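Enquirer:
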Amino acid sequence: MSRGNLQFTIYNLQLDKEMKKTIFLFLFLIFGFTCNPVEAADFSSYYKTIYEFDANGNSFITQEISLVNESPGLFVSEYTLSLNGSSIDKIQAYDSFGPLNVTKTVKDDTTLIKLNFNEKVVGKNKILSFILKYQTKDLAQKKGNLWEISIPKLGKSDDISTYLVVLKVPLSFGKPSYINPKPDKEEKTADFYEISFNKEKLTSMGVLATFGKWQTFSFTLEYELKNEGLDTAVGEISLPPDTVFQDVYYDLLSPLPENVKMDKNGNWIASYLVPAKNKLAIKANGRVNVFASAKKDFPRQKENLDLFIKEDRFWEISNEKIKNIAKNLKTPREIYEFTIKTLSYDKSLINEKVVRKGAVLAIENPNRCLCSEFTDLFIALCRSLDIPARELEGFAYSDNPKIASLKDQDLLHSWPEYFDREKGDWVSVDPTFEKTSGLDYFNSFDMNHFVFVIHGDSSFVPYPAGSYKEDVFKKQVNVSFGEDFSIERQPDYSILRLSPQKLFSLKSSPVNIKIKNNSGYAQYKQSFFLDKPPYFPYEFYFEVLPPFSISEIKSTIKPKENFFDYSLVSLLSFNNQKIEFEQKVISLGLRAGVISGIFVSIMIIMILKSIKSKDKPLT
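Numbering (the numbering used here), first residue to last: 15 to 633.
Next comes the structure, spelled out in structure tokens:
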């Protein structure tokens with residue numbers, strides 16, 4: 015039986031919302047009623063796929079395809095494209111002879127496009143070229159402030175000689191902020207950002223690209239503090255802080271705290287007075303902008319890196335199992351790849367009340383891990399090699415339907431950072447997200463991670479929002495995409511306390527001024543000035559003032575002598591603004607003069623009396 019029609023089929027399957035889409039190629043030979051696979055050597059193929067997007071996120075796909083016969087007895091009769099999604103329309107196809115017969119079938123959430131060719135190209139090295147065009151709304155989504163584009167990866171690519179993907183993204187989407195994997199070519203034209211990828215980039219993963227300056231989340235956080243003691247006590251909570259990748263603004267914090275301080279890890283810790291035998295409910299509403307790249311003007315703390323290589327409760331670097339594994343690893347990249355290869359993410363644990371295992375138990379139970387185990391193992395191995403590492407814990411947006419379905423629970427996420435000594439900065443990575451999505455979270459990072467707390471010198475404190483409650487199933491964390499906004503850090507300060515209220519002339523006295531940041535955002539690199547003279551020192555600098563925080567200005571003053579009591583009106587100046595305050599000056603000169611006058615008067619009276627007594631005649 016001679017060779018007959020060659021049936022050429024392309025499947026585009028969506029595995030799940032994390033894995034996005036995957037293209038598979040299949041070739042079949044038809045022998046009467048028998049279907050046998052064709053060897054890859056029987057053909058070669060060339061693809062160029064252009065994804066052009068409009069301002070509304072609609073995508074117009076053009077596939078330019080050429081099939082080259084490598085065997086003389088074969089010809090291609092059909093082309094079938096299977097797409098996940100039912101919003102496929104305006105399908106067109108044509109070859110060198112004109113339009114092709116197109117059949118569209120929709121079943122459930124799958125669209126099947128079948129093409130019948132006008133010509134039968136037979137003979138070795140003969141080429142069948144055709145073009146397929148269609149539209150879909152499934153590839154670009156507006157998520158918060160960002161446009162996100164996901165393009166399927168290429169599967170079964172042995173029989174594809176050339177595969178080129180070009181994205182044409184309108185300038186209205188905003189600048190590219192995150193592209194994974196790194197494109198082969200990227201340029202800006204009059205109307206589009208054009209981004210190109212070759213076959214090698216798309217065989218291991220698809221394309222995930224986001225456009226826009228930053229992602230914005232709105233959040234509502236609730237806290238409960240309980241004091242079972244007999245006296246008023248101080249309770250503390252952690253507030254999501256600014257980091258090098260995020261700006262936080264608080265619209266509401268009720269009740270206001272006694273103070274907000276920044277710890278050595280960069281956390282914002284708010285303190286409250288909780289009455290004896292009582293509870294205190296706290297609510298924070300706000301917004302956060304998350305950036306893809308580090309803020310250049312963000313002040314870095316002078317950190318003792320030795321804190322980030324020491325052992326701690328869940329980072330057991332002295333354990334023999336950890337030490338033996340670390341011997342065969344050298345770099346953060348190798349540690350990251352080992353973590354992903356060794357551990358498996360167990361989604362079934364999400365619904366269970368699980369106990370954090372730590373690095374050692376993660377190694378001993380590699381198939382039952384959540385994000386904390388991926389993070390703990392990475393950190394422990396890094397620290398075992400004297401690579402500074404720490405944990406970030408907070409909220410991470412995910413398309414995973416199983417995670418999204420747990421909207422009534424406070425499901426937080428953790429991911430590690432390591433310190434790059436060459437760059438002199440911290441680098442965020444997420445082995446959990448790479449394990450579950452297949453995307454590269456080592457060389458690039460997205461804008462879906464919102465930090466609640468930073469764990470460096472301790473593996474578990476401070477506790478993040480969502481942890482301050484008696485009922486573990488009570489939901490305290492609500493985060494959603496927010497509207498675009500930018501923080502204009504207008505200073506808003508007030509003098510909370512001034513001491514002393516009374517001064518003495520010509521006497522040096524210490525002065526303490528407590529100033530409060532009344533705004534719901536941090537202020538950076540703030541300079542304050544007192545009048546010169548009489549204050550010294552008169553200039554004060556603060557690297558950071560957290561929202562609702564109280565800071566101290568300490569100076570000395572030696573008021574001048576006016577020989578009468580007077581009010582000294584002084585100015586505290588900052589950012590072209592001034593706060594006026596008043597202190598009463600008690601004149602020592604006046605009092606000294608009065609005392610001296612009284613003394614002189616007494617002396618004069620005594621002298622006069624003495625003289626008068628001498629002039630009196632004797633009897």
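Idealized CB from N, CA, C, for every residue including glycine. Values in this document were obtained by computation on a predicted structure and should not be read as measured data.
Which word fits residue 326, buried or exposed, when buried means at least 16 other C-beta atoms lie within 10 angstroms of its C-beta?
Expert: With 16 or more Cβ atoms within 10 Å of its Cβ, residue 326 is classed as buried.
Enquirer: Going along the chain, which residues of its own chain have a beta-carbon closer than 6 Å to the beta-carbon of residue 244, five neighbours each way excluded?
Expert: Closer than 6 Å at Cβ, skipping near neighbours: 290.
Enquirer: Would residue 574 and residue 522 be called neighbours here (beta carbons separated by less than 8 Å)?
Expert: Not in contact: residue 574 and residue 522 (Cβ atoms no closer than 8 Å).
Enquirer: Suppose contacts are defined by Cβ-Cβ distances below 8 Å. Is residue 259 in contact with residue 295 by that definition?
Expert: It is not a contact, given that the beta carbons lie outside the stated cut-off.
Enquirer: Check whether the Cβ atoms of residue 129 and residue 153 sit closer than 8 Å, and answer yes or no.
Expert: No; because the gap between Cβ atoms is not below 8 Å, this pair is not in contact.
Enquirer: Consult DSSP for residue 54 and reduce its assignment to one of helix, strand or coil.
Expert: Caution is warranted here: a pLDDT of 47 is assigned to residue 54, below 50, making its placement in the model unreliable, and the coordinate value is therefore given only provisionally. Residue 54 falls in the helix class under three-state DSSP.
Enquirer: Tell me whether residue 462 sits in a helix, a strand or coil according to DSSP, three-state version.
Expert: Here residue 462 sits in coil by DSSP.
Enquirer: Counting along the chain, where does the alpha helix (DSSP H) carrying residue 447 start and finish?
Expert: Unbroken alpha helix (DSSP H) run through residue 447: 445–451.
Enquirer: Would you say residue 143 and residue 164 are within 8 Å of each other, going by their C-beta atoms?
Expert: Contact: no.
Enquirer: Taking the continuous alpha helix (DSSP H) assigned at residue 263, which residues delimit it?
Expert: Premise fails: residue 263 lies in the beta strand (DSSP E), 260–268, not in any alpha helix (DSSP H).
Enquirer: Hey, residue 282 and residue 252 are a contact pair by Cβ (cut 8 Å); roughly how many whole angstroms apart?
Expert: 7 Å between Cβ atoms; contact.
Enquirer: Using a threshold of 8 Å, state whether the C-beta atoms of residue 256 and residue 262 are closer than that.
Expert: Going by C-beta atoms, residue 256 is nearer than 8 Å to residue 262.
Enquirer: Buried or exposed: which applies to residue 473, given that a residue is buried once 16 or more other Cβ atoms fall within 10 Å of its Cβ?
Expert: By the neighbour-count rule (16 or more Cβ atoms within 10 Å), residue 473 is buried.
Enquirer: Residue 174 to residue 498, Cα distance in whole Å?
Expert: So the alpha carbons of these two residues sit roughly 43 Å apart.
Enquirer: Going along the chain, which unbroken runs of the alpha helix (DSSP H) with 4 or more residues stay wholly within the region 153–239?
Expert: Fully enclosed alpha helix (DSSP H) runs of 4 or longer: 213–216.
Enquirer: Per DSSP, residue 439 forms a beta bridge with which residues?
Expert: According to DSSP, which records beta bridges pairwise, residue 439 is partnered with 434.
Enquirer: What does the Cβ neighbour count give for residue 190, buried or exposed, with the cut at 16 atoms within 10 Å?
Expert: Under this definition residue 190 is a buried residue.
Enquirer: Could you give the first and the last residue of the continuous alpha helix (DSSP H) run that contains residue 370?
Expert: Run containing residue 370: none; DSSP gives neither H nor E here.
Enquirer: So the alpha helix (DSSP H) residue 350 belongs to, where does it begin and stop?
Expert: Its alpha helix (DSSP H) spans residues 346–356.
Enquirer: Going by the beta-carbon positions, is the gap between residue 376 and residue 391 smaller than 8 Å?
Expert: Yes, Cβ-Cβ distance for residue 376 and residue 391 is below 8 Å.
Enquirer: Keeping to the same chain, check which residues put their C-beta closer than 7 Å to that of residue 56; ignore five residues upstream and five downstream.
Expert: 84, 85 and 88.
Enquirer: Would you tell me roughly how many angstroms separate the C-alpha atoms of residue 542 and residue 254, rounded to the nearest one?
Expert: Using only the alpha carbons, I get a separation of about 27 Å.
Enquirer: Can you check DSSP and say which residues form a bridge with residue 576?
Expert: Looking at the DSSP assignment, residue 576 forms no beta bridge with any residue, so it has no partner.
Enquirer: Between which residues of its own chain and residue 176 is the CB-CB distance below 6 Å, once the five residues before and five after are set aside?
Expert: Counting only Cβ-Cβ distances below 6 Å, and skipping sequence neighbours, we find 60.
Enquirer: For residue 594, I'd like the list of residues in its chain whose CB is within less than 7 Å of its CB, leaving aside the five on either flank, ordered along the chain.
Expert: Answer for residue 594: 583 and 585, listed in chain order.
Enquirer: Rounded to the nearest angstrom, what separates residue 358 and residue 378 at their Cα positions?
Expert: Each residue's alpha carbon lies about 12 Å from the other.
Enquirer: Nearest CA to the CA of residue 519: which residue from 600, 529 and 446?
Expert: Here the closest residue by C-alpha is 600.
Enquirer: Look at the Cβ atom of residue 394, then the Cβ atom of residue 323, and state whether they are nearer than 8 Å.
Expert: No. Outside cutoff.
Enquirer: For residue 613, I'd like the list of residues in its chain whose CB is within less than 7 Å of its CB, leaving aside the five on either flank, ordered along the chain.
Expert: Same-chain partners within the cutoff: there are none.
Enquirer: Using the rule of at least 16 other Cβ atoms within 10 Å of the residue's Cβ for burial, across every protein chain shown, is residue 303 buried or exposed?
Expert: Buried, by the Cβ-count rule.
Enquirer: Taking three-plus beta-carbon pairs below 8 Å as touching, is the region 236–243 in contact with the region 201–211?
Expert: No contact exists between the region 236–243 and the region 201–211.
Enquirer: Is the beta carbon of residue 511 less than 8 Å from the beta carbon of residue 488?
Expert: Not closer than 8 Å, so no.
Enquirer: Shortest alpha-carbon distance to residue 72 belongs to which of 183, 112, 92 and 58?
Expert: Out of 183, 112, 92 and 58, 183 has the C-alpha closest to the C-alpha of residue 72.
Enquirer: Who are the Cβ neighbours of residue 266 in its own chain at under 6 Å, not counting the five residues just before and after it?
Expert: Only 299 meet the Cβ criterion.
Enquirer: So residue 81 is in the beta strand (DSSP E); what residue range does that whole segment cover?
Expert: That run of the beta strand (DSSP E) goes 73–83.
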